[in-house]
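Take a look at the structure below.
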Amino acid sequence: MMQMRRRQKQSLSPILAFLFSISIIIILWATATAFSRGISRSIFKTSSLRSNRPSLLCGLSLVPSTGRRLTTAFNSFNSLYKKQPIRSILSTTAMSLSSSSHTNDNFISYLNTNDAARYAIDNDSKVHLIMGNEAGDADSIISALALSYIQQQQHLKNEDIEETIVLPIVSVPRADISLRRDVMLLLDLAGITNLDDDLLYIDDDLVTRHLLPSTLSTTSKATLTLVDHNRIRSSLSHLSSMVTEIVDHHEDENSHEQVVGAEKRSIAYENGVATVASTCTLITERLFQNQNNRPIDASLGLLLLGVILLDSVNMLPEAGKGTARDEEAIQLLLQHTDWTTYCDKLKTTPPSLVDETIMKKIFPNIDDGNCKPDRTALFETLSNAKNDPKLWSVLSVNDCLRIDYKRFIVPEQSSSLSVSSIGLSSVLLSMDSLLVKDNFIDDLTSYMTSSGVDLFGIMALNFQDGKPNRELLLTGNDPKIVDSFADYLLNHPDAAFLEISERSECVVDKGASSEIPHIRVFKQGNGKGSRKQVAPILLGYASTFSKL
Ligand SMILES: [Mn+2]
């Protein structure tokens with residue numbers, strides 16, 4: 062008996078030794094991992110902002126990035142803002158820019174606007190805000206970031222007596238940035254990875270309490286530039302008097318009468334058409350006015366270039382978006398950006414959202430030390446991220462509707478059948494694919510109710526054999542209003558160019574718990590009729606309701 066036990070013990074000991082060494086290895090590995098993660102996490106905590114980064118990586122091919130996360134975290138921790146008073150940092154930035162030697166890091170370090178905002182609030186500094194539109198697409202977000210940087214440099218060069226801090230506001234809620242995969246990808250390529258800590262979002266406490274508060278304080282010195290729209294969103298209409306500048310390419314809604322003169326009210330829209338495809342083209346034109354042949358910071362250059370390519374559909378003639386001004390901006394950026402030093406940065410901290418194959422396509426000469434991007438590869442990568450059918454097929458109806466939603470206020474309204482507001486969501490999938498999603502009716506009804514609009518539309522766009530296929534859905538609480546707009550679109554000469562025809566067959570969500578609202582679905586023959594064209598038509602009709 063004893064012998065047997067001893068024999069068991071003897072045969073067990075090598076197994077125990079093996080298990081022991083395995084567990085030591087596991088403990089060491091776990092400690093190392095926890096240590097590296099812990100550092101980045103503790104830094105996220107210091108700014109009391111939640112990190113939703115992991116959720117935004119889904120679907121895109123990933124490069125393992127533990128080491129990189131560490132680097133980013135250390136960079137953030139060492140951020141200049143935490144150690145020096147803001148004035149000296151801003152001055153340093155301006156000085157290094159004017160010395161033209163090394164311009165590469167300036168734009169990125171400027172973007173630590175969260176700390177700059179805290180500083181401004183604590184010190185009661187003069188603040189100028191720059192914000193894009195409610196839909197918050199790439200153009201709105203990037204043009205706000207870029208123009209803020211340019212204006213901050215100008216303030217510093219002019220040596221204002223009163224220190225002005227220029228802050229861009231990302232015009233979508235913090236949680237929604239991850240839905241904009243083209244923006245995520247472009248920021249990643251440009252080396253801007255600390256989106257959680259650095260940027261200010263429209264729903265941040267600092268913004269809703271201090272910068273864009275729910276009541277306008279009479280003592281507030283803050284001013285505001287609207288980019289990519291020319292009428293402040295209705296939820297902030299009480300702040301209308303803060304607006305001192307508009308840089309846009311949509312039809313002028315004649316709001317903010319205090320903003321006058323071509324310099325301050327710069328709206329690239331003439332005779333019913335936008336004269337540039339992108340607000341970023343307007344920002345690029347400004348940038349080069351003051352550049353004196355110095356190369357543009359590569360991160361900034363890449364962001365502006367990416368958005369102009371997206372908005373102009375890489376100047377594809379069939380798309381009918383890009384103008385000569387857009388092409389000129391593209392050429393300026395390609396030729397006068399500091400693509401050389403950018404290579405070092407790409408090599409030390411490679412983007413995490415694209416794999417090496419795509420990197421080689423976008424930067425074909427990276428091995429020769431030239432990181433000038435291939436415009437077609439850059440455009441296609443961004444466009445694929447934006448239109449990725451895989452993403453749109455997994456999104457809930459609610460996410461599809463909120464990803465690119467705009468609310469329009471009807472200028473003049475009267476009569477019993479009045480429509481005071483119209484909401485339009487753009488979605489990048491076919492209407493059928495949206496209609497068959499789970500909970501379509503329930504999600505639509507709750508989204509429409511919470512948006513509080515009188516007429517709600519969904520504009521669907523997908524591509525079939527490379528050709529745009531546009532569809533439109535109209536709904537609302539009052540069937541009479543929905544039918545009246547439907548008749549207008551089908552029959553009125555002003556709407557004829559959209560080539561609207563009704564779709565009779567329509568899938569209805571049978572599992573809906575809410576009452577099915579009145580819905581009309583149309584096919585839109587003219588592929589060029591985007592929301593920029595459709596919204597003014599609907600608004601124009603709404604404002605004539607009193608004459609019915
Ligand atoms: Mn735009």
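Read in order, the letters of the sequence shown correspond to residues 62 to 609 in the working numbering.
The C-beta atom is built at its ideal place from N, Cα and C for all residues, glycine as well.
In this text, all values refer to a predicted model and were calculated from it rather than measured experimentally.
DSSP places Y262 in no alpha helix (DSSP H); its state is neither H nor E. A Cβ-Cβ separation of about 18 angstroms leaves R592 out of contact with V543 under the 8 angstroms criterion.
In the displayed model, T410 falls within coil according to three-state DSSP, outside both helix and strand. Our two residues, A196 and N353, have alpha carbons roughly 35 angstroms apart in a direct line. In this model, R179 and R463 are separated by some 29 angstroms (Cα to Cα). Considering only V231, H216 and K218, the residue with the shortest C-alpha distance to T174 is V231.
Within the same chain, Cβ atoms closer than 7 angstroms to the Cβ of L361 are found at F168, A207 and Y210, the five residues on either side in sequence being excluded. In the assembly as shown, S327 is a buried residue. Its beta-carbon has 16 or more other beta-carbons within 10 Å. The DSSP-derived three-state label of I307 is strand.
Of all C-beta pairs linking the stretch 336–352 to the stretch 296–305, fewer than three are shorter than 8 angstroms, placing the two stretches out of contact. A distance criterion of 7 angstroms places the beta-carbon of T340 in contact range of ligand 1, judged by its closest non-hydrogen atom.
By the 16-neighbour rule on beta-carbons within 10 angstroms, L377 is exposed. Runs of the alpha helix (DSSP H) spanning 4 or more residues and lying entirely within the stretch 217–303 occur at 242–250 and 256–259, in chain order.
Per DSSP, G518 is one residue of the beta strand (DSSP E) stretching across L516 to Q525. Within the same chain, and ignoring the five residues on either side of V320 in sequence, the residues whose Cβ sits closer than 8 angstroms to its Cβ are V304, T305, E306, I307 and R326. In this structure, M492 keeps its C-beta atom at 8 angstroms or more from the C-beta atom of L550. Judged by DSSP in its simplified three-state form, A196 adopts coil rather than helix or strand. With 16 or more other Cβ atoms inside 10 Å of its own Cβ, S413 counts as buried. Excluding five sequence positions before and after P540, the CB atoms of its chain that fall closer than 6 angstroms to its own CB belong to H579, given in chain order. In this structure, the CA atom of D405 is about 42 angstroms from the CA atom of K282. Distances between the C-beta of D200 and the heavy atoms of ligand 1 include at least one below 7 angstroms. Under DSSP, I191 takes part in a beta bridge, and its partners are P229 and T286. With respect to the 8 angstroms criterion, Y403 and A359 are classified as neighbours on the basis of their beta carbons. Annotation: the continuous alpha helix (DSSP H) that includes G367 extends over A359 to D372. Placement of the Cβ of D259 at a distance of 7 angstroms or more from every heavy atom of ligand 1 is found. In the three-state scheme derived from DSSP, where H, G and I count as helix and E and B as strand, G383 is classed as coil.
In this structure, D289 has its beta carbon less than 7 angstroms from a heavy atom of ligand 1.
If you ignore the 5 residues before and after L600, its C-beta comes within less than 8 angstroms of the C-beta of F469, V471, P472 and I483, all in its own chain and listed in chain order. Cα atoms of V455 and K447: separation of roughly 14 angstroms, rounded to the nearest angstrom. By DSSP's assignment, G537 forms a beta bridge with H579.
Residue nearest to S298 within the set D289, H311, D309 and S316 is S316 (criterion: CA-CA distance).
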